[in-house]
Every structure is written in structure tokens, then in C-alpha cells.
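Some notes on the structure that comes next.
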Amino acid sequence: PKRILSGIQASGALHLGNYLGALKRFVDIQDEEPFIFVADMHAITVWQDPAVLAQQTREIACAYIAAGLDPRKATIFPQSAVPAHAELAWIFNCVARLGWLDRMTQFKEKSGKHKERSSVGLYTYPVLQAADILLYKATHVPVGEDQKQHLELTRDIAQKFNNDFGAPGGQPAFFPVTEPVIEGPATRVMSLRDGTAKMSKSDPSDASRINLMDDADAIAAKIRKAKTDPEPLPETVEGLAERPEARNLVDIYAALSSTTRAKVIEDFGGKGFGTFKPALAELAVEVMSPIGARMRELTADPAQIDAILKDGAERARAVAEPVVAETKKLVGFWGA
Ligand code: TYM
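Numbering-wise, the sequence shown is residues 12 to 347 according to full-length UniProt numbering.
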């Protein structure tokens, strides 16, 4: 059976990349009843102030609802409220090989020059991610391009577990080999200041990204000031190949209006940025500012969000617990 799952880390403000690469896509498929969680256990792989972590978790949940997720369709929950994530992660730590983790580029980026001072959690981060996914036997995981390598590791872990424990006597494989779903025009939204760098919450320049909580004026100003080249938009999609900034703005337009790059070029090819940018600013404000406004309303009512998270956690536990119990049995744990 098809099961869709994804999550976002509880580590600070969300931006347009998270919205187009993840959130909006969750909303688009919500009739398939996805599991959508807040990765608070992943967040603490780098220091998070305990006084604000729970609030950050609620904020991501608010973003889910504000973007249009319906908690009756999507199961929305905090990762740490389902202890089976940690149990399965430990077992997977013993399935994954050091060599596999050594190849993970995100660890290299995030640990930088200070590898020996990084948390061990930051290193095994992708193993916890595999547990998040396989605990629900998820078959499809919608994510942005930057998560591709983690999804490949998840497939390797599933296959090795199945091989080592999972298919006794030729039974069907225990864990599915999950498909990453990296689709649409905005799987890698780039910085508004540099078309070769990913839009990211760690970029020191706030002008490089549109935050979910930015108001209409801020959104319009950031698009007006976005870096471009002096040429008008090309008449064909191929003409965007060597023009990263132009391509990024075209892709953002396509994703915000749920259309394709080709359609945007059909409408705006040959036009200058003097025409295209105001149209993009108007569209971005129209789509994004109601989400920000709704988020502000929702964050003012934590009791409502907490009720949604509590209910989601119960539903998630009901699915996760039998899977982890079965996994422990396959591994051979006492009493399992
Ligand atoms: P996180 O919290 O960094 O990002 C959340 C989602 O946003 C996508 N994204 C982008 N998409 C397009 N353009 C960008 N510039 C951009 N920046 C971020 C990410 O690809 C992601 O889909 N490890 C995950 C969280 C996680 C998870 C999981 C995801 C934990 N367990 C299980 C799926 C399944 C992460 O840090 O995402």
C-alpha cells in the first residue's frame, strides 16, 4: 500500500524554499492522508534553547495548518512524541555502515571545520531520518533536492535490514524500498542574491530569502531587489540554461502558480525584468502573505495547535508501535 510521509525540522523560521519544495507539495497530496511530522529530535543535533524548542515545534505545526494542511487528512505530530522513532533509530544505527555515513555531504557542510566538536547526533542524523520513514513503512517521501542523499541511505538501510533480518523463508521484504518524490519546478529554490546558492535559513543575508512570516511589503521589496542579469527573459526554456538567477525567478513563478517553467516562458518570454518582477511580486504576495497572516493567528492560540499535535501523536503511535514491535522480534530481542 502507498504511504506518504515527510517532515520539517523544528529549527527556526521557514522560507519560500521550504514552502515550495515541501509544504505546498504536502498540501497538494493531502487527500492521500500523509504522515507529516515536526522533526524536533533532528533539531537538537545542533544546540536549541530548551526554553524555545517546544515553541519552534508549534510554529512548524502552525505553518502546516496555515499552508492548508487539514489535520483530519494529514496526521500531524511531533517526532519526539512517538518514542518508536528513537527505538528504531538505534537498531538502524547497527544496520548502517560507517562508510555510508562518511559519504553524507550534509554532515560535511554542517560540521564544517569543527568535525570533532560536532554532536554524534549530527553524524547519525540520516539514520534517524531512515527510522522516521520506515517506521511507517512509507513508500513515498516528498522532499526538496537537498534530501536526495538521505533518501538513498534510507533505501540502503531498508535493503540491508530486509536482507539481514527481514525476509525469513523468502517472505516478502519487511521494509519497503522508499521512493524519494523530488518533483515540480521548485525542488531547489535558490537564494535571491545568488542564483548558484540554495535559499537557506542559515544565509546571513535576510534579503536572500522570503520568510513565511514576511509581510506583503517585505516580500515585494525582496523580489524587486532580487539579483538578475540585464537581458530580457528568453523566448525558450533552453535560453535559461546559463542564467541561474533568471531561471530561479521563473521557477518560483511556476511553482507559486502551480504551472510549469515552459508556461511561464510562453507568457513572459522576451519581456524584461521590469515587467516580470512586478508580476512575480504580486503573485508572491497573493500566495504568501495570507499564509503569514494565518500563522500569526495560529501561533497566538497554542492550545489549539497542541490539541492537533496530541491527536496526531496518538494516531502516529497506533501505526508505529506494531512496526517497531515486529522489528524487535525480527532482531531477536527478549520478550519481543
Ligand atoms: P529541512 O527541515 O531542512 O527542510 C524541510 C524541507 O524543505 C526542503 N527545502 C527546500 N526545497 C527547495 N528549495 C530549497 N531551497 C529548500 N530548502 C529546504 C527540504 O528538502 C525538505 O524537504 N532532514 C529533513 C527533515 C526530515 C525528514 C525526515 C524529511 C527528518 N526526517 C523524514 C523527510 C522524511 C530536513 O532537515 O529538512
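Just so it is clear, CB atoms sit at the ideal spot from N, CA and C, and this is done for glycine as well.
query	result
For the stretch 79-86 and the stretch 318-333, state whether three or more C-beta atom pairs, one from each stretch, are separated by less than 8 Å.	yes
So, for Y134: in the same chain, excluding its five sequence neighbours on each side, which residues have a beta-carbon less than 7 Å away from its beta-carbon?	L112, F118
Pull up the distance between the alpha-carbon of E98 and that of V335, whole angstroms please.	7 Å
Cβ-heavy atom distance between M306 and the ligand TYM below 7 Å?	no
Look at the Cβ atom of K288, then the Cβ atom of R235, and state whether they are nearer than 8 Å.	yes
Cα separation between E256 and S122?	28 Å
My understanding is that L267 touches L223, with C-beta atoms under 8 Å, so please give their C-beta distance in whole angstroms.	About 13 Å; that fails the 8 Å criterion.
I need the straight-line Cα distance from K339 to A347, nearest angstrom please.	6 Å
Per DSSP, which one or two residues make a beta bridge with V152?	P191
Within 7 Å: the Cβ of Q140 and any heavy atom of the ligand TYM?	yes
So, at 6 Å on beta carbons, what are the nonlocal neighbours of F46 in its own chain, with the 5 sequence-adjacent residues on each side left out?	L16, T86, Y147
Please say whether F48 and Q90 have beta carbons closer to each other than 8 Å?	yes
Starting from the N-terminal side, write out each stretch of the beta strand (DSSP E) that is 3 residues or longer and does not extend beyond the stretch 296-347.	none
Alpha carbon to alpha carbon, what distance is there between G283 and A290?	11 Å
Can we count H161 as close to the ligand TYM, meaning its CB is less than 7 Å from some heavy atom?	yes
In whole angstroms, what separates the C-alpha of G177 from that of K171?	9 Å
Here's a check: name, in chain order, each residue in its chain whose Cβ is nearer than 7 Å to the Cβ of I102, leaving out the five neighbours to either side.	T338, V342
For L25, name the three-state secondary structure that DSSP assigns.	coil
May I ask you to report which of helix, strand or coil DSSP gives S12?	At residue 12 the sequence reads Pro, which differs from the Ser that was named. The answer is coil: DSSP assigns P12 none of H, G, I, E or B.
Compute the distance between the beta-carbons of A77 and L309, then report whether it is under 8 Å.	yes
Roughly how many whole angstroms lie between the Cα atoms of F88 and A252?	40 Å
In chain order, what are the residue ranges of uninterrupted alpha helix (DSSP H) at least 4 long that sit wholly in the stretch 206-284?	227-235, 255-267, 272-279
Could you tell me the alpha carbon to alpha carbon distance between Q315 and C73, rounded to whole angstroms?	10 Å
What residue from R307, R128, C105 has the CA that sits closest to V57's CA?	R128
Would A237 and L203 qualify as a contact pair, given that the criterion is a beta-carbon distance under 8 Å?	yes
Which two residues bound the contiguous beta strand (DSSP E) that contains N186?	A quick correction: the sequence has Phe, not Asn, at residue 186. Looking at the DSSP string, F186 is not in any beta strand (DSSP E), and its letter there is neither H nor E.
Looking at the strands, I want to know which residues DSSP matches up with M201.	K209
Starting from F103, trace the alpha helix (DSSP H) in both directions and tell me its first and last residue.	95-104
Would you tell me roughly how many angstroms separate the C-alpha atoms of A327 and I263, rounded to the nearest one?	33 Å
With 16 as the cutoff for other CB atoms within 10 Å, does Q182 come out buried or exposed?	exposed
State the beta-bridge partners of T86 as determined by DSSP.	F46
Name the residue from V38, Y30, E156, P137 whose alpha carbon lies nearest to the alpha carbon of M52.	P137
Helix, strand or coil, according to DSSP, for G110 in the structure here?	helix
Look at the alpha carbon of T247 and the alpha carbon of Y30, and state the distance between them as a whole number of angstroms.	27 Å
Would you call the CB atoms of G28 and V298 closer than 8 Å?	no
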